[in-house]
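Here is the structure we will look at.
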Amino acid sequence: MAQAGNTQPVRTAPESISGVALMQGYGVREAKGFWADAWSQVLARPRAVAGLIWIGIVLFFAITAPFIASGHPLLLDHIKDGAIVRTTSPLWQHLTATDILLPIAAVAGLAWLAWPMAMPHSRRLTVFLLALLQGGLIIVTCNIVGAEFRYPHVPDWMRSLQQRSGFIPVTAGIIAGVYALIFIAASAFDRRAPRIAVPVLVSLTCWAVITGFGGLGVNRWDPPLHTFNYRQAEARGEVRAVYTLIPFSPNQRSTQLDLLPPGMTLKKGLGEDADTVAGDPTFFLGTDSLGQDVLSQMLHACRLSISIGLVSTGIAVCIGVTIGALMGYFGGWVDLVLFRVVEVFMAIPVLFLLIVAAAVLPRNTYVMMAIIGCVTWTGAARFIRAEFLKLRGQDFVQSAKAVGLPLRSILFRHMLPNGVTPVLVDASFAIAAAILAEATLSFLGLGPVDQASWGRLLSDAQGHTGYFVWWLAIFPGLAIFLTVLSYNLVGEALRDAIDPKLKKARV
Amino acid sequence: MGTYILRRLILMIPTLIGITFLIFMLVALSPGGIGASLRMGGGQMEATNRALFEAYLEDRYGLDDPAVVQYVRWLGRISPIKIGRRDMVSPRGERLRPPKPLKEPLLWRLYAKELPTVPPPEPGVHDDPVREYRAATNNYAQKRAAFIATRTQLEEAFAAYARQKEIRGVLTPGGKLKPDALARRIDTIDTSLPIGQTVAERGAAHLAAWAAASAARERLRIAFNAKPFPEAGLAIIPGVLSVAWPDFGVSFSRNVPVLDLIGRALPVTLLLNLIAFPIIYLVAVPSGMLAATRQGSLIDTLSGSLYVALWSVPTVWAGVLAIGFLASKQYLGLFPVVGLHDTHAATFTFLPGTDESGVWHRGYLLDTLWHLCLPVACLVYTGFAVLSKQTRAAMLDNFNADYVRTAKAKGVAGKDIVLRHVFRNSLLPVITMFATIFPAMLAGSVVIEKIFTIPGMGNLILDGIHLRDRELVLANALMIGTVNLLALLLADILYAVADPRITYD
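As they're listed, the protein sequences go chains A and B. Under my numbering, the residues of the first sequence are numbered 43 to 549, in order. Under my numbering, the residues of the second sequence are numbered 14 to 518, in order.
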């Protein structure tokens with residue numbers, strides 16, 4: 043949250059400085075903001091910078107993976123009697139709403155932050171984060187609604203409704219409209235909040251993309267091309283295809299191609315059947331036990347890694363801050379009762395609770411994020427409680443109380459900004475812990491299904507029949523390790539920068 | 014101190030209840046619910062037999078009750094203080110309880126005006142209370158089975174009736190009857206239809222079976238009240254209050270008392286952790302001291318970086334790499350891949366030696382240690398970073414204290430300052446780290462045991478959860494929570510021992 047930089051240049055000092063000149067601000071350098079100062083200290087550390095670069099790389103692939111690694115050709119020329127009949131793009135047709143919205147958000151966000159205008163960067167960042175939150179909520183709600191309508195045992199009216207042509211536009215419109223209204227209402231009450239245009243713009247974009255790219259999981263263009271038969275068709279001379287950099291999808295599997303070592307090519311893997319396919323792409327990092335390309339899976343898993351760390355920590359911080367604030371502010375029996383709840387979560391190893399929850403609840407990404415968030419909130423709650431116990435006796439809190447401000451305002455407007463630092467520092471380590479937890483759960487076979495994950499790849503390394511597969515152990519493991527290490531390094535640098543006294547380590 | 018420990022022990026009880034309740038409700042409310050694997054067991058049976066099987070299991074384990082009732086009953090069983098009459102212990106060690114009340118006949122208001130009067134209890138056959146109790150148990154089981162069989166037939170008739178009358182919303186997609194929904198939709202059965210006749214006939218048979226089963230249950234109750242077996246525990250006020258050893262029940266999935274399973278698994282996990290802890294402390298504390306005495310030097314920077322890197326290595330990755338490169342026969346093959354003992358470990362002597370033909374063998378002790386090498390190595394390295402960092406920080410804090418300057422001024426040797434003055438005063442945070450590391454290690458050993466196939470608590474827990482084994486999951490949660498809370502308490506007591514200024518009174 044960088045403050046707007048120093049806009050006033052330091053004037054060259056005259057030979058004698060009068061008192062009037064001093065009062066006018068001679069030689070005054072505007073102090074950097076607290077966070078800007080901390081941030082520049084973090085950037086002064088090479089280790090933290092290296093960590094930030096790695097996180098940036100993972101983020102880049104999280105956004106662009108569907109465009110880099112896909113088994114669907116970028117361009118497909120349909121050939122009949124030697125002439126091109128029409129040209130389609132199966133890759134484009136198979137993109138989901140999320141795949142499109144992420145690059146849009148990245149480009150729009152960078153432009154928004156870098157555009158020269160008067161609004162300070164911190165406020166721009168707030169606006170961007172709010173817009174991202176709104177877009178994410180719309181997408182998640184659409185996915186959940188879509189899954190609900192595709193459930194096998196749904197009543198007939200739901201199925202017939204889902205097959206109407208107007209289903210996607212209308213449903214996406216309702217969802218986007220509801221979220222736009224909520225965010226507009228929020229911005230009307232909060233004077234710091236963005237203008238009304240932003241929620242409406244985000245909603246409109248989301249609506250357009252979901253309508254265009256089937257965010258509710260309904261096939262939008264026929265015929266559906268799910269079979270990856272392009273190479274056979276090309277060998278028969280029916281089509282001509284142009285592929286992306288890595289021409290495999292993460293879920294493109296073939297029993298003939300299981301456990302190929304790195305550097306093996308498609309034709310060598312197929313052996314006798316090599317003549318039936320056109321082209322000879324290389325599996326740069328080999329294949330897993332289902333015959334899926336490892337590199338492609340690793341790139342697609344970046345998104346899971348980034349999102350699970352951020353979202354689950356966000357959930358944990360929200361729960362922890364609320365409960366911790368109540369405990370610290372009220373004390374007494376509220377503290378006693380709520381601290382028993384905290385103690386319950388502390389008394390049982392986090393991983394054990396995660397295993398129980400992940401084993402019995404549905405296996406999907408959102409549930410996984412919610413589980414990790416709901417289990418790891420106690421750290422934030424304890425930090426906030428300790429800070430609030432210190433703060434509640436101070437004058438500014440007492441005067442806020444005396445003026446008669448509502449509780450919400452005292453807690454979150456006045457006390458929280460003064461006590462949130464340790465939680466934010468801790469959040470970086472919490473993200474690392476969440477990524478580790480996801481990897482461990484996926485390794486134990488409790489992770490999200492139908493979703494590429496580094497932990498799941500790693501669990502394949504022990505192979506069937508005890509055969510050890512080194513490329514499935516080295517590459518995904520290294521990716522998890524580097525990501526966790528990066529967050530830990532950044533967290534360490536941030537901790538040293540903000541509070542040298544805060545030396546409490548985390549496990 | 015004594016009162017403090019007592020208070021902490023008492024405060025543990027609500028926490029433990031909270032833990033087990035949280036975990037039980039998670040498992041109970043999940044798809045499949047408690048005992049899902051049990052119900053799967055009858056997969057290939059025909060409908061009537063399957064219903065009998067399910068009914069037997071539900072009756073034996075109380076699975077047909079609401080989840081909260083099941084939980085409260087479990088609490089009652091493990092509570093050492095019992096209210097009301099005492100359980101009896103069968104010669105096989107199982108707790109015997111009076112028979113549960115029989116359920117009402119299915120939807121009897123639809124085909125009967127009132128319940129038939131229950132005939133007087135059948136007279137006992139044997140004079141010996143034990144034989145009489147067994148005979149009554151068998152008799153009741155048969156009568157109840159007949160009752161359940163008629164219930165299943167009646168259900169089928171109801172389902173056919175609902176299909177013919179086209180009553181919507183009372184059948185599941187699988188064609189089974191939802192009795193509550195049917196009772197809400199209709200209040201009489203149309204006996205003019207043939208299927209209505211069938212319902213009435215089967216309903217009459219069902220009522221008769223219910224009456225017979227009730228009579229058999231009454232006979233069993235009388236036989237039970239005759240106290241054929243010794244009672245469990247000690248009475249404090251006879252008939253009202255008694256104390257008894259907690260009953261953790263029998264695992265659904267393995268049909269073995271849960272305590273036996275835990276008794277076999279817990280020592281393995283504790284062994285792993287008890288070996289790992291001294292190693293962590295022996296490596297991390299000296300290296301933290303070294304880093305503190307040479308603050309800013311190459312050693313300090315290097316050890317700091319190394320520990321952060323080690324801390325970030327996922328345990329699962331370390332385990333997979335260790336098995337793959339060190340243990341697997343494909344590469345080095347230096348260590349065993351699975352388990353805690355050799356397959357022939359039972360025949361080994363305890364200590365290594367040579368047998369009569371002069372061949373050296375490693376013996377039980379060395380064999381176990383050899384098997385433990387890799388798991389312990391994977392368990393310890395994450396602790397290094399935390400503990401070493403804490404030691405370094407605590408030492409640095411003390412180096413700036415006045416008493417160190419005084420000691421230097423009066424000429425105490427540098428070694429003595431570090432070891433006698435600074436180190437002793439830096440012990441406190443090092444001890445409290447125990448409380449932070451222990452839960453993480455306990456959880457970490459779950460993963461380690463899974464990777465190395467060690468039969469400890471980790472594998473037991475994972476099995477229990479996958480099979481939705483209520484007794485196993487609850488007992489494990491209780492056990493892990495207790496061990497954990499005791500470790501935290503131990504850390505607090507050590508805290509007071511190390512620092513005389515701290516008192517808990």
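Each residue gets a CB set at the ideal place from its N, CA and C atoms; glycine is no exception. None of the values given here were measured: they were computed from a predicted structure.
Shortest alpha-carbon distance to B/D11 belongs to which of B/A172, B/L128 and B/A289? Chain B is shown only over 14 to 518; residue 11 of chain B falls outside these bounds and no answer can be derived.
Shorter than 8 Å from the beta carbon of B/W330 to some beta carbon of chain A? Counted from its first residue, the second sequence places residue 330 of chain B at position 317. So, interface residue.
Would you list, in sequence order, the uninterrupted alpha helix (DSSP H) runs of no fewer than 4 residues that lie entirely inside the region 282-314 of chain B? As far as the region 282-314 of chain B is concerned, it has no whole alpha helix (DSSP H) run of at least 4 residues.
Contact residues within the region 385-406 of chain A, judged by C-beta distance below 8 Å to chain B: E385, V386, M388, A389, I390, P391, V392, L393, F394, L395, I397, V398, A399, A401, V402, L403 and P404
Looking at C-alpha atoms only, which residue of B/V459, B/R99 and B/F290 is the closest neighbour of B/F237? The residue given as residue 237 of chain B occupies position 224 in the second sequence. Cα-wise, what sits closest to B/F237 is B/R99.
For A/V284 and A/L116, believed in contact at Cβ under 8 Å, the rounded distance: Along the first sequence, one-based indexing puts residue 116 of chain A at 74. Along the first sequence, one-based indexing puts residue 284 of chain A at 242. Cβ atoms of A/L116 and A/V284 come within 8 Å of each other, at about 5 Å.
For chain A, find out if any of its Cβ atoms is closer than 8 Å to the Cβ of B/H384; answer yes or no. For the purposes of this step, residue 384 of chain B is taken as the residue at position 371 of the second sequence. It does not: the Cβ of B/H384 has no partner Cβ on chain A nearer than 8 Å.
Interfacial residues, the region 477-490 of chain B to chain A, with Cβ spacing under 8 Å: I478, H479, R481, V486 and A490
Own chain, CB closer than 6 Å to B/P259, minus 5 neighbours either side, in chain order: Mapped onto the second sequence, residue 259 of chain B falls at position 246. Only I91 and P93 meet the Cβ criterion.
Give the interface partners of B/Q343 over in chain A, defined as CB-CB distance under 8 Å, in chain order. By one-based count along the second sequence, residue 343 of chain B stands at place 330. The answer, in chain order, is Y509 and F510.
Counting only the same chain and skipping the five closest in sequence on each side, list residues whose C-beta sits under 6 Å from that of A/L308. By one-based count along the first sequence, residue 308 of chain A stands at place 266. Taken in chain order, the residues that qualify are D322 and P323.
Helix, strand or coil for A/F191, going by three-state DSSP, please let me know. On the first sequence, position 149 is the one that residue 191 of chain A refers to. A/F191 sits in a helix when the DSSP states are folded into three classes.
Closest to A/A107 by CA distance: which of A/A63, A/A428 and A/L341 is it? Residue 107 of chain A sits at position 65 when you count from the first residue of the first sequence. Distance check between A/A107 and each of A/A63, A/A428 and A/L341 places A/L341 closest, using alpha-carbon atoms only.
Meets three-Cβ-pair contact criterion under 8 Å: the region 111-127 of chain B and the region 190-205 of chain B: yes
Per-residue DSSP class, three states only, for A/V127: Within the first sequence, residue 127 of chain A is the residue found at index 85, counting from 1. Note: A/V127 maps to strand in three-state DSSP.
For A/A239, I'd like the list of residues in its chain whose CB is within less than 7 Å of its CB, leaving aside the five on either flank, ordered along the chain. Along the first sequence, one-based indexing puts residue 239 of chain A at 197. Nothing listed; no residue qualifies.
Can you name the residues that DSSP bridges to B/R270? Numbered from 1 along the second sequence, position 257 holds the residue referred to as residue 270 of chain B. This sequence places Pro at residue 270 of chain B; Arg is not what is there. B/V263.
Between the region 516-525 of chain A and the region 339-357 of chain A, do at least 3 Cβ pairs fall closer than 8 Å? yes
Determine, for B/W258, whether the minimum Cβ-Cβ distance to residues of chain A falls below 8 Å. Residue mapping note: residue 258 of chain B aligns to position 245 of the second sequence, counting from 1. For B/W258, the answer is no, since every Cβ of chain A falls outside 8 Å of its Cβ.
Give me the DSSP bridge partner(s) of A/M306. Stepping through the first sequence from its first residue, residue 306 of chain A is reached at position 264. A/M306 is bridged by DSSP to A/F325.
Return the Cβ separation of B/F242 and B/V102 in integer angstroms, given the expectation that the two are a contact with Cβ distance under 8 Å. What you label residue 242 of chain B is simply residue 229 of the second sequence in a count that begins at 1. What you label residue 102 of chain B is simply residue 89 of the second sequence in a count that begins at 1. That pair is a contact at about 6 Å.
Through-space distance from A/A92 to B/S318, alpha-carbon basis: The residue you call residue 318 of chain B lines up with position 305 of the second sequence. The residue you call residue 92 of chain A lines up with position 50 of the first sequence. The straight-line gap from Cα to Cα measures roughly 13 Å.
Please tell me whether A/L301 has its Cβ less than 8 Å away from any Cβ of chain B. Along the first sequence, read from residue 1 onward, the residue named residue 301 of chain A stands at position 259. No, no contact with chain B.
Excluding five sequence neighbours on each side, which residues of the same chain lie with their C-beta closer than 7 Å to the C-beta of B/A490? Against the second sequence, residue 490 of chain B aligns to sequence position 477. Hits under 7 Å: I32, T33 and I36.
Considering just the uninterrupted stretch of the alpha helix (DSSP H) at A/D554, what are its terminal residues? Because chain A spans 43 through 549 in this model, residue 554 of chain A falls outside it and cannot be assessed.
Assign B/E101 to one of three DSSP states: helix, strand, or coil. Taking the second sequence and counting its residues from 1, one reaches residue 101 of chain B at position 88. Reading off the sequence, residue 101 of chain B comes out as Met, not Glu. Three-state result, B/M101: strand.
Determine, using beta carbons only, whether A/P265 comes closer than 8 Å to chain B. Here residue 265 of chain A refers to the residue found at position 223 of the first sequence. Only weak support is given to the placement of A/P265: the predicted model assigns it a pLDDT of 45, under 50, and the question is left unresolved by the model.
Residue-chain proximity (B/K463, chain A), Cβ-Cβ < 8 Å: Within the second sequence, numbered from 1, the residue matching residue 463 of chain B stands at position 450. With 8 Å as the cut-off, B/K463 counts as an interface residue toward chain A.
Taking only three categories from DSSP, how would you classify B/D415? For this step, residue 415 of chain B is matched to residue 402 along the second sequence. Of the three classes helix, strand and coil, the one that applies to B/D415 here is helix, per DSSP.
Starting from the beta carbon of A/V526, find every residue of chain B whose beta carbon is closer than 9 Å, and list them in chain order. The residue you call residue 526 of chain A lines up with position 484 of the first sequence. Within 9 Å Cβ-Cβ: W324, S325, V326 and P327.
What residues in its chain sit with their C-beta under 7 Å from that of A/A552, if we drop five residues either side in the sequence? Outside the shown range of chain A, which is 43 to 549, sits residue 552 of chain A, and nothing can be said about it.
Going by alpha carbons, who is nearest to A/L393 out of A/T364, A/A476 and A/L144? The residue given as residue 393 of chain A occupies position 351 in the first sequence. If we check each option's Cα against that of A/L393, A/A476 comes out closest.
Per DSSP, what kind of secondary structure is A/H163 in: helix, strand or coil? Along the first sequence, read from residue 1 onward, the residue named residue 163 of chain A stands at position 121. Three-state result, A/H163: helix.
Just verifying my parser: in three-state terms, what is the DSSP assignment at B/D78? For the purposes of this step, residue 78 of chain B is taken as residue 65 along the second sequence, with counting starting at 1. Looking at B/D78 - three-state DSSP - the assignment turns out to be coil, as it is neither helix nor strand.
For the region 493-517 of chain B, enumerate the residues whose C-beta is nearer than 8 Å to any C-beta of chain A, in chain order. Listed in sequence order: I493, G494, N497, L498 and L501.
For B/V333, which residues in chain A fall below 9 Å Cβ to Cβ? Taking the second sequence and counting its residues from 1, one reaches residue 333 of chain B at position 320. Neighbours of B/V333 on chain A, chain order: F485, L500, S501, A503, Q504, F510, L514, A515 and G519.
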